[in-house]
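Chains V and P, in that order, are what the protein sequence lines are.
Read the first sequence against the working numbering and you will find it ends at 636, with the numbers running on by one and no gaps.
Read the second sequence against the working numbering and you will find it ends at 1246, with the numbers running on by one and no gaps.
For glycine and all other residues, C-beta sits at the position ideal for the given N, C-alpha and C.
The structure appears below as structure tokens.
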Amino acid sequence: MQYTRLYQGSLCKEEASSVHFDLRCDVLVVGAGCAGIYCADSAKREGADVILLEIGENIGGMFACGNVTGYYYGGEGGAYLFDDEKTERDHIFVRNGSHWEQRQIHMTERLTESGVRLLTSCSVLGLYLDGCRVLGVRAFDGKKTLNIGATFTVDATSDGHLVRMTDAKIRYGRESDGRFVPFTVRGQYVSDGVLTSCNTDSGTMNHYDSDAFSYYTILSHANASSLLKKGEFVNLGLHTGVREGLTYEGEDCVRYEDILYEKEQQRVLFYAYSDLDRHGADRASEAELFQNFWVISNLSTVTIPIGVPMGALIPKGMEGFVTAGRCLSCDTYSQSAIRMNRDMFRMGECLGVALAMATKAGVELLQIDYDVYLEKVKSRGAFDGGHPKGFYFDNSYSAYKKRMQSLGKEPDAKYAHYNPTDHVIVPLHFSVEENLPLLRTDAPGVAIWSCFRAPDKKGVSEKVYSLLCCADTTLYRYNCAIALGLLGDVRAVPTLREIVENRDCFFFTENRRSNQFRSAIAICLLGRLGGMDELPLLFELLEKKEIEREMYHTLQPNYLYYGSPDKNFVYYAILTHTCASIRKIYARHGLSSDELKTKFKRIFHDGSHISFVTNTAPGENVYEAITSFIRSVCTF
Amino acid sequence: MIYDTLLIGCGFLATGYATQKKNTCIVEEHQMCDSAFTLTLPSFQYTPYAPKTAEGECLFAIFRSLSLFSEGQQNTSAFECALSKYLIEKEIRPILKCRVIEITEREDGIFKVLVQTNGGLDTILAKKVLHTTSRVKKKHMTVLFVSEDYPSAKSTLLSLFPDSYTESAFYDGRYALHIPIANEYDENTAKVYIYKKWNEATVPAKILYIAPLFCGVVSEEAFSDLRFTNPIEAFEYGITLAKEEK
Chain V
1 MQYTRLYQGS LCKEEASSVH FDLRCDVLVV GAGCAGIYCA DSAKREGADV ILLEIGENIG
61 GMFACGNVTG YYYGGEGGAY LFDDEKTERD HIFVRNGSHW EQRQIHMTER LTESGVRLLT
121 SCSVLGLYLD GCRVLGVRAF DGKKTLNIGA TFTVDATSDG HLVRMTDAKI RYGRESDGRF
181 VPFTVRGQYV SDGVLTSCNT DSGTMNHYDS DAFSYYTILS HANASSLLKK GEFVNLGLHT
241 GVREGLTYEG EDCVRYEDIL YEKEQQRVLF YAYSDLDRHG ADRASEAELF QNFWVISNLS
301 TVTIPIGVPM GALIPKGMEG FVTAGRCLSC DTYSQSAIRM NRDMFRMGEC LGVALAMATK
361 AGVELLQIDY DVYLEKVKSR GAFDGGHPKG FYFDNSYSAY KKRMQSLGKE PDAKYAHYNP
421 TDHVIVPLHF SVEENLPLLR TDAPGVAIWS CFRAPDKKGV SEKVYSLLCC ADTTLYRYNC
481 AIALGLLGDV RAVPTLREIV ENRDCFFFTE NRRSNQFRSA IAICLLGRLG GMDELPLLFE
541 LLEKKEIERE MYHTLQPNYL YYGSPDKNFV YYAILTHTCA SIRKIYARHG LSSDELKTKF
601 KRIFHDGSHI SFVTNTAPGE NVYEAITSFI RSVCTF
Chain P
1001 MIYDTLLIGC GFLATGYATQ KKNTCIVEEH QMCDSAFTLT LPSFQYTPYA PKTAEGECLF
1061 AIFRSLSLFS EGQQNTSAFE CALSKYLIEK EIRPILKCRV IEITEREDGI FKVLVQTNGG
1121 LDTILAKKVL HTTSRVKKKH MTVLFVSEDY PSAKSTLLSL FPDSYTESAF YDGRYALHIP
1181 IANEYDENTA KVYIYKKWNE ATVPAKILYI APLFCGVVSE EAFSDLRFTN PIEAFEYGIT
1241 LAKEEK
């Protein structure tokens, strides 16, 4: 037997003979957050002997301890609904979601009722392994260490703290630069008699670096003092709201492209449900496929059920060890979509059922009888989240109606009584022929993406090019150019160049927030398709006098991008996409990267571009974000 | 690196101490730098205290700028914001989410402290270790509640929870109830107990929320924020402590 631990950043292993386990169980769940609680509970109710460890004094994870009290997407169904029903929903007092503490009470009662052994103030120091099989943990309960043996150990810490104690191949953050999505500290205040919970969206950090974690957490607590002006200050989240942590190589994987192209997953544990959002506004540095969907096609509020295979919760080659929660085997873009509260509850519940079955049958997770498993989780209502497979548009009724009218169709009669601002979730289809008329509108994204997805790209390119040549309005012509550009057709370049030359702050209108600027889209595409001829125009965008253009100061009041008043989103989008595109052109044409870095350093030497983006101070999130971006382009 | 002092537990006393000693490391188990006041809510009554040091004045100025003291009351829930601002301004860098696992003394008298952080296990070496956290005697839990009929609510609650007491809690219509909790309860089961009793009775008040950690009395000799009702006083006590050691 070996004992492994993470010490001073390195994985340390030592032989461990004759280990006495103080406690034993079938399923040991480490981390009493959203997934951990429901995993422990369902495993127990399905007959397993379960111990649940929590490092803090309070259970409930980000939901109860981090003030993430509302539900943002996530599928419906499963045990958590019973706890929701029990929780008093005070419409006068709580603006959004249920009272987090009452919910915490019901989660505590649930665990007591099912008989889960809960140990709080208890953290895991290391793992015991026999080859690739995890046998248990060494834990610390605040006073002494104790060894806990288990048939299955579940890392439900959200951040893979136990995964890091193994040989699992792990990855941190975005491929391009290793950065995580921004974290938040959620504060609560009462205003006009309503309790409101809000994000501080505090910038990015590597939370595995304890110095960075501490510094940025304290900085965001300092900045959160601004909540004192909003109303009656209630509290800050006990937990720092880390949104993304490590991922690992698993027996299976959830990939962004698999989601977008609706790949059939095998042995699905459950279906998550979310949009494919990624916090932060740093779109110019994202991967190309993400930009294709989110930026160029402007489909940030499209939602989709996401099949999470069981194998995505098992580090490759390991036995007796799984993860639960937002730490799974996936890429950074799909991870952003598999972390909603309701999905975490349901993931945990489904996993608990599966682990109980595995324990009873004496097999690994992937060997349980899948048909029996499906029957169990479906009867619990936890499996599919209430949405049939496919894409959905999540927006207002008025936006839906407008899209239908553009397509020459009538809205579904079932929405006849809806008000314009009522929320609808309607199925989407990506048929080129059906959606092409949208290219005539200010919401062309579905058409653009349909063209990109079409199997016959050459045929579609010809079709779109002919539409571009005959387009009778500028809007139509520009949208055709964008669709053509996304197809990789260089015939789009002259019109894309024209969009940039005539640049404005026009934005597409598909979404209820995060709509992308057409100029920024055109710049992004020029970076992919353009030649050296584009460079003078792109460098012109970085000149200081650029900020004097009216487009940077006339953003329509109805534009929504997380409602942040301290950032010039237009300028930020143009600046970042321009820098990214210049880099791409340089790279593609074999131009000197050193020469480019020197140019960027000269352009950005006095920091004035930072002040064009934001008037916040050093140390504040927006300031740090733009500073960090500029630093990265000057030193890549 | 060997620190002169390792302070276990952040907070106002520890911060005051750290302002006087260059080579000090502060570690804090929770994800907040003020767990004593902010997370236990021991009192909303402002005990006037005039700072006697420049550092105390600086901290007091932050409290004033955030309007955390007002008419005999203090906004204890927001102390974390004030302390965080001070730490950032003064570039003092505690390590949060840092759990002390084991302390051993080497032959040379240096303390070897095994800690667990977000990064994993690590060792901190220090010539001296000072605990600013203390075992709480007679633990209490603080409930913040909302009521439009405080006298009636108070009467009901005091009979529902014997030996408890109430006070105003800074904002209009907000009050705090401090309930003694039996030893066998942890924070989660204590909350269940409180909510259950509250809901079973007809209390003309709604619970806003319950402090996440127990508060209570600590011994008079303890180096702990919980000895103090005024955070500036706790801070300057830390300064005094450090100066006396020089």
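Compute the Euclidean distance between the alpha carbons of residue i and residue j, then round it to the nearest angstrom.
i	j	result
I92 (chain V)	L81 (chain V)	Only weak support is given to the placement of I92 (chain V): the predicted model assigns it a pLDDT of 49, under 50, and the value that follows is read from those uncertain coordinates. Their backbone Cα atoms lie some 21 Å apart in a straight line.
F604 (chain V)	V190 (chain V)	42 Å
D1163 (chain P)	A1169 (chain P)	19 Å
R1135 (chain P)	V1218 (chain P)	7 Å
G563 (chain V)	F569 (chain V)	In this predicted model, G563 (chain V) has a pLDDT of only 48, less than 50, meaning its place in the structure is not dependable; the value taken from the coordinates is given anyway. Cα-Cα distance, rounded: 10 Å.
P388 (chain V)	P305 (chain V)	7 Å
A1242 (chain P)	E1028 (chain P)	19 Å
V29 (chain V)	M62 (chain V)	17 Å
S632 (chain V)	Y333 (chain V)	21 Å
L246 (chain V)	I170 (chain V)	7 Å
F676 (chain V)	I37 (chain V)	Residue 676 (chain V) lies beyond the stretch modelled for chain V, which goes from 1 to 636, so this question has no answer here.
P309 (chain V)	Q266 (chain V)	6 Å
L1114 (chain P)	S329 (chain V)	31 Å
T4 (chain V)	G160 (chain V)	15 Å
L596 (chain V)	C634 (chain V)	8 Å
V19 (chain V)	R133 (chain V)	15 Å
D155 (chain V)	V322 (chain V)	6 Å
A1054 (chain P)	H1030 (chain P)	29 Å
Considering just the uninterrupted stretch of the alpha helix (DSSP H) at residue i, what are its terminal residues?
i	result
Q2 (chain V)	Where Q2 (chain V) is concerned, there is no enclosing alpha helix (DSSP H), although the beta strand (DSSP E) it sits in stretches over 2-7.
Q104 (chain V)	100-114
T1166 (chain P)	Looking at the DSSP string, T1166 (chain P) is not in any alpha helix (DSSP H); the run it does join, the beta strand (DSSP E), is 1165-1168.
Y271 (chain V)	Y271 (chain V) -> not in any alpha helix (DSSP H); beta strand (DSSP E) instead, spanning 268-275.
Y649 (chain V)	The first residue shown for chain V is 1 and the last is 636, placing residue 649 (chain V) beyond what the model contains.
A1234 (chain P)	1231-1245
F1145 (chain P)	Taken as a continuous stretch (DSSP letters only), F1145 (chain P) belongs to no alpha helix (DSSP H), being part of the beta strand (DSSP E) at 1137-1146.
K1128 (chain P)	Element bounds for K1128 (chain P): not the alpha helix (DSSP H) but the beta strand (DSSP E), 1120-1131.
I148 (chain V)	Counting along the chain, I148 (chain V) falls outside any alpha helix (DSSP H), though it belongs to the beta strand (DSSP E) covering 145-155.
Under 8 Å by Cβ, that's how I've got residue i and residue j pegged, so tell me the actual separation to the nearest angstrom.
i	j	result
F508 (chain V)	N298 (chain V)	4 Å
C122 (chain V)	E54 (chain V)	7 Å
G1016 (chain P)	F1235 (chain P)	4 Å
T145 (chain V)	L162 (chain V)	Not a contact, Cβ separation roughly 16 Å.
P427 (chain V)	Y397 (chain V)	Not quite, the Cβ-Cβ distance comes to about 15 Å (not below 8 Å), so this is no contact.
L11 (chain V)	M107 (chain V)	Their Cβ separation, rounded to whole angstroms, is 33 Å, which puts L11 (chain V) and M107 (chain V) out of contact at 8 Å.
K1137 (chain P)	G1216 (chain P)	6 Å
Kindly indicate which residue of the options has the alpha-carbon position closest to the one of residue i.
i	options	result
Y215 (chain V)	P:I1092, P:I1239, P:H1140	P:I1092
D201 (chain V)	V:T635, V:F636, V:A625	V:A625
G75 (chain V)	V:G307, V:Y465, V:A481, V:S398	V:G307
N223 (chain V)	V:E319, V:G187, V:Y248	V:G187
Q104 (chain V)	V:L129, V:A43, V:A32, V:T151	V:A32
I1232 (chain P)	P:Y1150, P:R1064, P:Y1003	P:R1064
L219 (chain V)	P:Y1003, P:T1019, P:C1033, P:P1204	P:C1033
Y7 (chain V)	P:C1081, P:Q1116, P:K1138, P:Y1175	P:Q1116
C505 (chain V)	V:S450, V:I585, V:G70, V:A522	V:A522
I1002 (chain P)	P:F1223, P:K1112, P:S1155	P:K1112
S643 (chain V)	V:R278, V:E288, V:C327, V:G325	For chain V, the structure presents residues 1 to 636; residue 643 (chain V) sits outside this window and is missing.
Y1165 (chain P)	P:A1153, P:S1070, P:Y1171, P:P1094	P:A1153
Considering just the uninterrupted stretch of the beta strand (DSSP E) at residue i, what are its terminal residues?
i	result
Q188 (chain V)	187-191
F391 (chain V)	391-396
R138 (chain V)	133-140
P427 (chain V)	423-428
Compare the C-beta of residue i against all C-beta atoms of chain B and say whether one is closer than 7 Å.
i	result
C1033 (chain P)	No chain B appears in this structure, whose protein chains are V and P.
Interface residues of the segment 201-218 of chain V facing chain P [CB-CB below 8 Å] | H207, Y208, D209, S210, D211, F213, S214, Y215, T217, I218
Check distances from the C-beta atoms of the segment 1087-1118 of chain P to those of chain V and list, in chain order, the residues that come in under 7 Å.
-> L1087, I1088, R1093, P1094, I1095, L1096, K1097, C1098, R1099, I1101, Q1116, T1117, N1118
What residues in the segment 229-241 of chain V bring their beta carbon closer than 8 Å to a beta carbon of chain P?
-> For the segment 229-241 of chain V, the beta-carbon criterion of a distance under 8 Å to any beta-carbon of chain P is satisfied by E232, F233, V234, N235, L236, L238, H239, T240.
For the segment 287-317 of chain V, which residues have a beta carbon sitting closer than 8 Å to at least one beta carbon of chain P?
-> none
Could you please tell me which residues of the segment 1065-1086 of chain P, in chain order, have their CB closer than 9 Å to any CB of chain V?
-> S1065, L1066, S1067, L1068, N1075, S1077, A1078, E1080, C1081, A1082, L1083, S1084, K1085, Y1086
Mind listing which residues of the segment 1162-1195 of chain P have their C-beta closer than 8 Å to chain V's C-betas, in chain order?
-> Those residues of the segment 1162-1195 of chain P that come within reach of chain V (Cβ to Cβ, closer than 8 Å) are Y1171, R1174, D1186, E1187, N1188, T1189, K1191, V1192, Y1195.
If you measure beta-carbon to beta-carbon, which residues of the segment 46-78 of chain V are closer than 8 Å to chain P?
-> I55, G56, E57, N58, I59, C65
Contacting positions in the segment 1208-1231 of chain P - beta carbon closer than 8 Å to chain V | Only those residues of the segment 1208-1231 of chain P whose C-beta falls short of 8 Å from the nearest C-beta of chain V are listed: L1208, Y1209, I1210, P1212, L1213.
Interfacial residues, the segment 1119-1149 of chain P to chain V, with Cβ spacing under 7 Å | G1119, G1120, L1121, D1122
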